[in-house]
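J.: When the count follows the working numbering, it moves up by one through the sequence shown with no breaks and lands on 817 for the last residue. Quick one: the structure is below, questions incoming.
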Amino acid sequence: MKRTARVARTAHDLDHLNRLRVPSFRIVKLFLKAGTKTSKSHLPPEAPPAEGADAGSDDFHYLPEKETIEIHYEIEDKYAMADGGKLELFNRFEETPLWSLDLSVLGPDWVTHGKHTVKWDGRVVKPTAKQDGTPADGGMTHDLTTITVDKTIHDSFPDGYVTLEHPPYKLRLSLTTEADAELKTRPVLAWTYFHILVKSIEFVLGAEETVPAGAVDDERHKMDKAIRSKVDGDGGLPGDGATRKVFLIGNIYKTAGGEMDSNVAHTLHKTMWSDGPNIPIMAKIRLLDSADAEVKVDESDKGAVALGKVRFLWDWEDPDEEVDAQQSQPKPKAFIKDAINYDKAVSEPKGDNCHLDRGGKRGTGAKPVFPDQAGYDPKDTLDAGKFPFLVLSSDSAEERRPKERKWASYSQAWTKGKLKGQTGIVFQPSRMAGDNYKLTVYVAFDRNKKDGITLDAKTQPIKAPDAIKKSTGTFQVWREIHQARYIRKKSTIAAFLPANLGGAQTLYKEAYVAFENKMDGDNQYTMDQHQIGGVTLDYNQMCEDVFAASGNSMYDAGLAVEAGADHASVDSAFLVRTYAKFIETLHEALDATGTGDWASEGIAPEDLGSTALPDPATVDPARFDAVTRLAATKAWIDGTLETSAKYIGMLDDQLCTFIESELCTKMSLISGGKAGVNTAAVDGVTVVHFNYTNTYMRDRIAAGDNVGSVFGSAVDPADAGRSKCAFLFLSPRLDTFVHEIGHHLFLPHAPTAGGYQENRHDGSDTGCIMSYNRPRPAFCGLCQLRLRGWDADVVNKTSASNKKP
13 MKRTARVART AHDLDHLNRL RVPSFRIVKL FLKAGTKTSK SHLPPEAPPA EGADAGSDDF
73 HYLPEKETIE IHYEIEDKYA MADGGKLELF NRFEETPLWS LDLSVLGPDW VTHGKHTVKW
133 DGRVVKPTAK QDGTPADGGM THDLTTITVD KTIHDSFPDG YVTLEHPPYK LRLSLTTEAD
193 AELKTRPVLA WTYFHILVKS IEFVLGAEET VPAGAVDDER HKMDKAIRSK VDGDGGLPGD
253 GATRKVFLIG NIYKTAGGEM DSNVAHTLHK TMWSDGPNIP IMAKIRLLDS ADAEVKVDES
313 DKGAVALGKV RFLWDWEDPD EEVDAQQSQP KPKAFIKDAI NYDKAVSEPK GDNCHLDRGG
373 KRGTGAKPVF PDQAGYDPKD TLDAGKFPFL VLSSDSAEER RPKERKWASY SQAWTKGKLK
433 GQTGIVFQPS RMAGDNYKLT VYVAFDRNKK DGITLDAKTQ PIKAPDAIKK STGTFQVWRE
493 IHQARYIRKK STIAAFLPAN LGGAQTLYKE AYVAFENKMD GDNQYTMDQH QIGGVTLDYN
553 QMCEDVFAAS GNSMYDAGLA VEAGADHASV DSAFLVRTYA KFIETLHEAL DATGTGDWAS
613 EGIAPEDLGS TALPDPATVD PARFDAVTRL AATKAWIDGT LETSAKYIGM LDDQLCTFIE
673 SELCTKMSLI SGGKAGVNTA AVDGVTVVHF NYTNTYMRDR IAAGDNVGSV FGSAVDPADA
733 GRSKCAFLFL SPRLDTFVHE IGHHLFLPHA PTAGGYQENR HDGSDTGCIM SYNRPRPAFC
793 GLCQLRLRGW DADVVNKTSA SNKKP
């Protein structure tokens, strides 16, 4: 460096020397101090080293606003040349300072020769007036904490304090002088580094007010709040290694038989739950002070401003489904393993949840699991139905969205207000039962370039220090259906429910469907307690009305059913005649003379209607009337009712139809209720339990006869609807119970059963509950995926066709 100076000459008669001293100044050191801890001072390579050892560290950290630390710098300027200086704050990858403090505005005391100590709590300021220093220990003390914070200096410092968004920070001191043109443009420098550090993160379930809503307390909002309440009641968010089930109400039932061969189940489930439930999850951020103590900034009076606009990256992983543990039978197990092995290794993220192609949220282009939220300004009272924090998914138009990790989202925190020191997202898993999610939040402050967040990469999983991340256990999505009401014809029928509900639950849970008992005492009763609009059910009159409307002489003419029969007195649906009595009654009805005396005519009742009915031609002509009537009876029943087996089969079929089409509607099973109780219609499954369709069937089976009968029927009474259905139970068998409710859940018959729908079942699984085979120990794999909510139109009946390597 070239310097110009003038020096007086030495007198000719003297021996003293005139020595040249070039006027200069320098910064000896710059560091931060908190208690006994200091940051490390750095000087340019050409600068003279500072005297004494530097005990400082480049890992120095403190908590702005909460702590007041000291900026220490020492200036060597014996000739008072320095007349200007700056304290400047930089982050990595940017040459422009985030904050620049002009010391000349504060006055010459800030750049004088000697040691300087400045009180600083991390605020950024723009002073407009001089601040004299206070002489102390051969130097000066100063105080930046007396200057009002300036929230407009930089967008990264919204509260006027240094934040967690940009560490490590570089604090640089520069000195200049107007007396030297070269030093004016080449200031002397010193710098030091400091950090703001995270100690830990704690998850909490968001308050009810934070559940987002299109309209507060509309039906969907109530559903989401109920899910949040259920998660809370079950123990809150799952900890590491634990699993928390998320139950989505699935009371969605068919209203017509043809819907079982459609994809309406998937469509209605999608309509009800759209892109999934909305569960608010918050993260409380705990920071470190300079003494390495944890500060709960959500509880502390100061320090939350340090969060600023730092982004938090919310990520999710898809833990493998434990198919072997979930499935009891080999064929559904194999089918489901093939179906979930779809783009498993290459999807974003990797995993086996329901793929986008089948209606789920795994795969490129799927709906975000942490959807965008507009948030609102911090306040002390939360707005019901609005999520408080800003959340940006890759779908957002905002530039600060994730650009590489497209299945993740960013959130920001509140630095004040009711939720200060917290951030959060709305967790929106897919609506597909069986899907699993593990959530992790990261403090996304680290950058790999000017505008690049280091964590915003496709690496799976992310590797990051434990201090800046927090993971939940596993969330597992389930559907939930309800057993709503159980009505027995008579108390003499052994109660099937609720004792056997556990067996039904075991079978449904393989499809991640929880079959829950929602029956209270007012919804378990006998039919003699049933009322319609406050009027007790007149069961006998209903039966007579059904028979009269049938136009069938078996019933309206009293052939199979005695006129005025007391149907209400028996536990079967109808009180009917035995076969022998039916034949006798029929013979009497055809009797031209009207005697009807079988014994006097020499014909035993047990002979009537059997294949051994005597040929009329062989009957004694003296008994002409009997012969004539016998011939007419034989002709009437020939080919249809000539055996008791055909008679009982016809009764069972026809009477079951009457119950399905007429009686169940007349009984108002769903819209009626227990006498003395104002019972409103209840969502879920209503079961009406008869001891078979008729007394003759009941008695024959009780006697040990091998008689086939209808065991149950998924009826569609007029007062049923999408969320309410009724099931006619006639024989207390668990597989029948599960099978018929399966029909209401849109599952048609499997092979071997009438109405088999080829494309709706795994054709190789003959043991599906929806078949007529026994044993039928489990739903086939395709039935299970439909129960989960998958798109049936794209799931193939052939297991191997569902894989995609």
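Idealized CB from N, CA, C, for every residue including glycine.
Can you pull the DSSP bridge partners for LYS182?
T.: Indexing the sequence shown from 1 puts residue 182 at position 170. PHE102 and TYR205, per the DSSP bridge assignment.
J.: Given this structure, state the Cα-to-Cα distance separating MET294 from GLU220, to the nearest angstrom.
T.: Here residue 294 is taken as the residue at index 282 of the sequence shown, counted from 1. Here residue 220 is taken as the residue at index 208 of the sequence shown, counted from 1. Cα to Cα, MET294 sits roughly 12 Å from GLU220.
J.: Within this structure, are the beta carbons of PHE487 and VAL258 separated by less than 8 Å?
T.: Locating residue 487 in the sequence shown gives position 475, counting from the first residue. Locating residue 258 in the sequence shown gives position 246, counting from the first residue. A contact, by the Cβ cut-off of 8 Å.
J.: What's the gap between the Cα of GLY96 and the Cα of GLU82?
T.: Mapped onto the sequence shown, residue 96 falls at position 84. Mapped onto the sequence shown, residue 82 falls at position 70. Approximately 21 Å between the Cα atoms of the pair.
J.: Quick one: what's got a C-beta closer than 7 Å to ASP121's C-beta in the same chain, skipping five residues either side?
T.: The residue given as residue 121 occupies position 109 in the sequence shown. For ASP121, where only same-chain residues beyond five positions count, the Cβ hits under 7 Å are ASP144, GLY145 and MET152.
J.: Just to confirm my understanding: we take ASP447, look at its own chain, exclude 5 residues before and 5 after, and list those with CB closer than 7 Å. What are they?
T.: Working through the sequence shown from its first residue, we reach residue 447 at position 435. Taken in chain order, the residues that qualify are ASN365, CYS366, GLY372, PRO441 and VAL489.
J.: Check the C-beta distance from GLU674 over to ALA577 and give it rounded, since I have them as a contact under 8 Å.
T.: Here residue 674 refers to the residue found at position 662 of the sequence shown. Here residue 577 refers to the residue found at position 565 of the sequence shown. Not confirmed; about 17 Å, so no contact.
J.: LYS391 by DSSP, collapsed to three states: which one?
T.: Counted from its first residue, the sequence shown places residue 391 at position 379. If DSSP states are grouped into helix, strand and coil, LYS391 belongs with coil.
J.: In three-state terms, what does DSSP make of VAL694?
T.: Stepping through the sequence shown from its first residue, residue 694 is reached at position 682. The answer is coil: DSSP assigns VAL694 none of H, G, I, E or B.
J.: Taking the alpha helix (DSSP H) that ILE753 falls in, what are its first and last residues?
T.: Position 741 of the sequence shown, counting from 1, holds the residue named residue 753. Unbroken alpha helix (DSSP H) run through ILE753: 746-756.
J.: Just reading off the alpha helix (DSSP H) that HIS599 is part of, what are its end residues?
T.: Here residue 599 refers to the residue found at position 587 of the sequence shown. From DSSP, the alpha helix (DSSP H) with HIS599 extends over 591-601.
J.: Please list the segments of the beta strand (DSSP E) lying wholly inside the region 406-454, counting only runs of 3 or more residues, in order along the chain.
T.: Counting only runs of 3 or more, we get 421-423 and 434-439.
J.: Once the 5 residues before and after HIS166 are set aside, which same chain residues still bring their CB inside 8 Å of it?
T.: Position 154 of the sequence shown holds residue 166. Hits under 8 Å: LEU110, TRP111 and VAL136.
J.: Between the C-alpha atoms of GLN339 and ASP70, what's the straight-line distance to the nearest angstrom?
T.: Here the question's residue 339 lines up with position 327 in the sequence shown. Here the question's residue 70 lines up with position 58 in the sequence shown. Rounded to the nearest angstrom, the two C-alpha atoms are 56 Å apart.
J.: Pick helix, strand or coil for PRO789, following the three-state DSSP scheme.
T.: Counted from its first residue, the sequence shown places residue 789 at position 777. If DSSP states are grouped into helix, strand and coil, PRO789 belongs with coil.
J.: Do you know how far the Cα of VAL381 is from the Cα of ASP407?
T.: Translated into positions along the sequence shown, residue 407 becomes position 395. Translated into positions along the sequence shown, residue 381 becomes position 369. Taking the straight line joining both Cα atoms gives about 11 Å.
J.: Using only the alpha-carbon positions, how far apart do THR623 and ALA644 sit?
T.: Start at 1 with the first residue of the sequence shown, and residue 623 comes out as number 611. Start at 1 with the first residue of the sequence shown, and residue 644 comes out as number 632. With a pLDDT of only 44 at THR623, under the threshold of 50, the placement of this residue in the model should not be trusted; the figure read from the coordinates follows. Each residue's Cα considered, the two are about 15 Å apart.
J.: Helix, strand or coil for GLU574 per DSSP?
T.: Locating residue 574 in the sequence shown gives position 562, counting from the first residue. In the structure shown, GLU574 sits in coil (DSSP, three-state: anything other than H, G, I, E or B).
J.: Quick one: which unbroken beta strand (DSSP E) runs of 3-plus residues sit fully inside the region 322-362? Chain order, please.
T.: Runs found: 324-329.
J.: Quick check on DSSP: helix, strand or coil for CYS737?
T.: For the purposes of this step, residue 737 is identified with residue 725 of the sequence shown, where counting begins at 1. Here CYS737 sits in strand by DSSP.
J.: Who does GLU672 pair with in a DSSP beta bridge?
T.: Numbered from 1 along the sequence shown, position 660 holds the residue referred to as residue 672. According to DSSP, GLU672 bridges with nothing at all.
J.: With burial defined as no fewer than 16 other Cβ atoms inside 10 Å of the residue's Cβ, what is the status of THR810: buried or exposed?
T.: Locating residue 810 in the sequence shown gives position 798, counting from the first residue. Under this definition THR810 is an exposed residue.
J.: May I ask which residues mark the beginning and end of the alpha helix (DSSP H) holding GLU492?
T.: By one-based count along the sequence shown, residue 492 stands at place 480. It is not in any alpha helix (DSSP H) - GLU492 instead sits in the beta strand (DSSP E) that spans 481-500.
J.: Nearest-angstrom Cα distance between THR157 and ASP246?
T.: Stepping through the sequence shown from its first residue, residue 157 is reached at position 145. Stepping through the sequence shown from its first residue, residue 246 is reached at position 234. If you take the alpha carbons of THR157 and ASP246, they lie about 48 Å apart.
J.: Is the beta carbon of HIS128 closer than 8 Å to that of ALA85?
T.: Taking the first residue of the sequence shown as position 1, residue 85 is located at position 73. Taking the first residue of the sequence shown as position 1, residue 128 is located at position 116. Checking the sequence shown, residue 85 turns out to be Tyr, not Ala. Their beta carbons are under 8 Å apart, which means TYR85 touches HIS128 by this criterion.
J.: Quick test of your reading: MET829 and ARG800, contact by CB under 8 Å. State the CB separation rounded to the nearest angstrom.
T.: In this structure the chain extends from 13 to 817, so residue 829 is not present and cannot be described.
J.: Ends of the beta strand (DSSP E) at THR10?
T.: Coverage of the chain is limited to positions 13 through 817, which leaves residue 10 absent and any answer about it impossible.
J.: In the DSSP assignment, find the beta strand (DSSP E) that holds TRP132 and state where it starts and stops.
T.: Within the sequence shown, numbered from 1, the residue matching residue 132 stands at position 120. Looking at the DSSP string, the run of the beta strand (DSSP E) that includes TRP132 is 126-132.
J.: Using 10 angstroms around the beta-carbon of THR707, count the other beta-carbons present and answer buried if the total reaches 16, otherwise exposed.
T.: For the purposes of this step, residue 707 is taken as the residue at position 695 of the sequence shown. When all chains shown are included, THR707 counts as buried.
J.: Relative to the C-alpha of TYR537, which residue among ILE499, ARG788 and ASN275 is closest?
T.: Position 525 of the sequence shown, counted from the start, is the residue given in the question as residue 537. Of the listed residues, the one whose Cα sits closest to TYR537 is ILE499.
J.: Put TRP111 into one of helix, strand or coil per three-state DSSP.
T.: The residue labelled residue 111 in the question sits at position 99 within the sequence shown. It is a strand residue.
J.: Would the beta-carbon of VAL750 fall within 8 Å of that of ASP369?
T.: On the sequence shown, residue 750 is found 738 positions in, with the first residue counted as 1. On the sequence shown, residue 369 is found 357 positions in, with the first residue counted as 1. Not a contact, by the Cβ cut-off of 8 Å.
J.: Could you check what DSSP says for GLU177 in three-state terms: helix, strand or coil?
T.: Here residue 177 is taken as the residue at index 165 of the sequence shown, counted from 1. In this structure, GLU177 counts as coil in the three-state DSSP scheme.
J.: For PRO331, which residues of its own chain have a beta-carbon under 6 Å away from its beta-carbon, when the five flanking residues on both sides are left out?
T.: Here residue 331 is taken as the residue at index 319 of the sequence shown, counted from 1. Counting only Cβ-Cβ distances below 6 Å, and skipping sequence neighbours, we find ASN448, LYS450 and THR486.
J.: Tell me which same chain residues have a C-beta within less than 7 Å of the C-beta of ARG198, skipping the five on either side of it?
T.: For the purposes of this step, residue 198 is taken as the residue at position 186 of the sequence shown. So no residue of the chain qualifies.
J.: Please name the residue in GLY464, LEU201, ASP133 and LYS362 whose C-alpha comes closest to that of THR160.
T.: Counted from its first residue, the sequence shown places residue 160 at position 148. Closest option to THR160, Cα to Cα, is ASP133.
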